[in-house]
Each structure stands twice: as structure tokens, then as C-alpha cells.
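> Last residue of the sequence shown: number 490 in this note's numbering, and the count goes up by one each step with no gaps. Every residue, glycine too, gets a C-beta built ideally from N, C-alpha and C.
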Amino acid sequence: MIEEQVKNYLRVHGFETLQLKAVLFDMDGVLFDSMPTHARAWAETSDHYHLGLTESEAYENEGRTAKSTLDVLFQRNKGRNATEKEVEEIYAYKIQIYNKYNIETIPMKGAAELMEKIRKDGFQIILVTGSGQDTLMARLQKYYPGVFTRDVMVTAKNVKTGKPHPEPYLRGLQLANTHPWEAIVVENAPLGVRSGVNANIFTVALNTGPMKDEKLLNEGANVLFHSMQEFCEKWDELKKDLQ
């Protein structure tokens, strides 16, 4: 099945071959089991500011920068984008709620093992996240020591346009000094999948949330797994088809 998806990807994009050199990872819902808390924090923040965002919708908008998320809500409720002051205030409130519930961030089962496999195979690992929290590095170093440094990270602070725009993953390709046919994207959210697909990169979807598989497949995901552990177990098989 994976081999057929690779052939289809190459045919659609007109690439001759897929030669894997880098793996571009989203963070929340991929490296960390943090999306339930993020969704809850966004929903409570939305209630506080009367913006009408449900937890389910928070999942579907995961991957956007805070500015992009709030612009969507402000356009829907107020007919305008959020100001910088409003974004700063509301996002600070959201982080406060998140930290109240998120006593300990839990890494996804299988993620650390997968990182080791990828590093041993000699591929680059790049982080591409819509998060801009200052605690990002400390969290990554605690659970994935030595894997992520500032020079291999694309965050909300490094892009003008967040997911689903392709810019975040195009920036990831630049950091890895690779072409689209030399990398894969690993994503858990519809907008993140669309961002990877829009960047012409082979995109692996991980359905680690409450969504139906179709939500991710309809955005163009090339293959789908139901957990990071499953992806880790299938890594060697996938790797053979990507070289």
C-alpha cells in the first residue's frame, strides 16, 4: 500500500524519485499528547472572550498560529482581524489556562524510539510547529535530549503565515537544505496536513485525536497511521519505499 502511495505522489507532482533526507515533525499531537489540554484551554479562553470556539473546532484548527486562530474567530464574530494587543492578551490567557491543566506534558508513546531510529538511519529531524511558547525548548530537551536545537526548529515566531499555508514546511525544507521530494511531513491535524501537501511534500498523517480518518485523508495525506507507536513500528517498511 505504501509503495503505491509513493508512486501516486511522484506521478501527481511530476517527481522522478523520492529520496528521503529529512523528516519534518509537527509537535502537539505528534511528539506530545498535548492536544486534549490545548483544545480545552482554547475552548475556555473562547468562552471567556465570547469567541464561540468549541473543543472539537480547536482540534480542527490545530496548527495555526495564535494570530491566525484569533483572526478566524474575530472575523466570524466581529468582522475584523484581532489587533496585536488583543492577540497578546488572549494568547497569554490561553497559556495560563493551559498551564493550569497541563501539570506534566506527556510524550507520545513510540516517539522517542522513532527519533532514535531516524537519527541512526542518518536522516535530519526538523520541528515545524505553530506554537510560540517560551517553554518549548525546555520541554523538547527534557523528553528528546539532543534531538532538537534552535537551528532545526520552525515555530510561530519564524513565519509570517502559519498552517495551512505551506510557508512553515517550506521553511523546514530550507533548514534541512532539501527539496520536497527529499523529505516527509508527519502531522496530526487537517490544517497541518494541508500545509505539508501544499508544500508538495509526502505527508504522513497520525490520527491521534477524535477525528474521523477522512478529515485527514481528504486534506491529501498520503498515508495514515492511528498512533505514533504504529508509525514507529512501520518505520522500517516505510523507509524502504521512500528511498
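Starting from Q371, follow the beta strand (DSSP E) in both directions and report where the run begins and ends.
In the sequence shown, residue 371 corresponds to position 124, counting from 1. 371-375 is the span of the beta strand (DSSP E), which, as asked, contains Q371.
> Applying the 10 Å Cβ sphere with the 16-neighbour rule, what's the burial state of M475?
Along the sequence shown, one-based indexing puts residue 475 at 228. Burial call: buried.
> Could you give the C-beta distance for P427 and E466, rounded to a whole number, given that I count them as a contact under 8 Å?
For the purposes of this step, residue 427 is identified with residue 180 of the sequence shown, where counting begins at 1. For the purposes of this step, residue 466 is identified with residue 219 of the sequence shown, where counting begins at 1. That belief does not hold up - the Cβ atoms of P427 and E466 are roughly 17 Å apart, past 8 Å.
> When DSSP labels each residue in this structure, what does D318 get in the three-state scheme?
Along the sequence shown, read from residue 1 onward, the residue named residue 318 stands at position 71. DSSP places D318 in helix when its eight states are reduced to three.
> Pick helix, strand or coil for R327, following the three-state DSSP scheme.
Residue 327 sits at position 80 when you count from the first residue of the sequence shown. If DSSP states are grouped into helix, strand and coil, R327 belongs with coil.
> Go to K455, then tell me how far its beta strand (DSSP E) extends in each direction, as first and last residue.
Walking along the sequence shown from the start, residue 455 turns up at place 208. It should be noted that the sequence gives Thr, not Lys, for residue 455. Taken as a continuous stretch (DSSP letters only), T455 belongs to no beta strand (DSSP E), as it is neither H nor E.
> Hey, is the segment 397-411 in contact with the segment 333-349, meaning 3+ C-beta pairs nearer than 8 Å?
The segment 397-411, when compared against the segment 333-349, does not touch it at the 8 Å Cβ threshold.
> When the distance is taken between beta carbons, is R323 closer than 8 Å to E410?
Reading the sequence shown from its first residue, position 163 is the one you call residue 410. Reading the sequence shown from its first residue, position 76 is the one you call residue 323. The residue you asked about is not Glu; residue 410 is Lys in the sequence shown. Cβ atoms of K410 and R323: not closer than 8 Å.
> Taking the C-alpha atoms as reference points, what is the distance between E263 and K332?
As a first step, residue 263 must be located in the sequence shown, where it is residue number 16. As a first step, residue 332 must be located in the sequence shown, where it is residue number 85. Spanning the two alpha carbons is a distance of roughly 48 Å.
> In the DSSP assignment, find the unbroken beta strand (DSSP E) run with L471 in it and report its ends.
Sequence index remark: in the sequence shown, residue 471 carries index 224 (1-based). Start and end: 470-472.
> By a C-beta neighbour count over all protein chains shown, 10 Å radius and 16 as the cutoff for buried, is V470 buried or exposed?
The residue you call residue 470 lines up with position 223 of the sequence shown. By the neighbour-count rule (16 or more Cβ atoms within 10 Å), V470 is buried.
> Across the segment 269-284 and the segment 440-457, are there enough close Cβ pairs to call them in contact, namely three or more that are closer than 8 Å?
These segments touch.
> Less than 8 Å between the beta carbons of A288 and I344, yes or no?
Counting from one through the sequence shown, the residue named residue 288 turns up at place 41. Counting from one through the sequence shown, the residue named residue 344 turns up at place 97. Against a cut-off of 8 Å, the Cβ pair of I344 and A288 comes out as a contact.
> Using CA coordinates, which residue listed in A446, G357, L265 is at the minimum distance from Q490?
On the sequence shown, position 243 is the one that residue 490 refers to. The option with the nearest alpha carbon to Q490 is L265.
> Roughly how many angstroms separate the alpha carbons of D488 and S315, rounded to a whole number?
For the purposes of this step, residue 488 is taken as residue 241 along the sequence shown, with counting starting at 1. For the purposes of this step, residue 315 is taken as residue 68 along the sequence shown, with counting starting at 1. Answer to the nearest angstrom: the Cα atoms are 36 Å apart.
> Please report how far the alpha carbon of I249 lies from the alpha carbon of V432, in whole angstroms.
Numbered from 1 along the sequence shown, position 2 holds the residue referred to as residue 249. Numbered from 1 along the sequence shown, position 185 holds the residue referred to as residue 432. Distance between the alpha carbons of I249 and V432 is about 15 Å.
> T450 CB to nearest chain C CB: under 8 Å?
Any reference to chain C falls outside this structure, which holds one protein chain only.
> Helix or strand or just coil, what does DSSP make of I337?
Working through the sequence shown from its first residue, we reach residue 337 at position 90. I337: helix per DSSP, three-state reduction.
> Under the assumption that I372 contacts M362 (Cβ atoms under 8 Å), give the Cβ distance between them as a whole number of angstroms.
For the purposes of this step, residue 372 is taken as the residue at position 125 of the sequence shown. For the purposes of this step, residue 362 is taken as the residue at position 115 of the sequence shown. Indeed, because the Cβ distance is near 7 Å, the residues count as touching under 8 Å.
> Pull up the DSSP beta-bridge partners for E309, would you.
Counted from its first residue, the sequence shown places residue 309 at position 62. Paired residues: R311.
> Mapping DSSP to helix, strand and coil, what is A403?
Here residue 403 refers to the residue found at position 156 of the sequence shown. Of the three classes helix, strand and coil, the one that applies to A403 here is helix, per DSSP.
> Nearest to Y306 by alpha carbon, out of V444, H473, G439?
Mapped onto the sequence shown, residue 306 falls at position 59. Measuring from the Cα of Y306, the nearest candidate turns out to be G439.
> Does F272 come out as helix, strand or coil in the three-state DSSP assignment?
Position 25 of the sequence shown, counted from the start, is the residue given in the question as residue 272. Note: F272 maps to strand in three-state DSSP.
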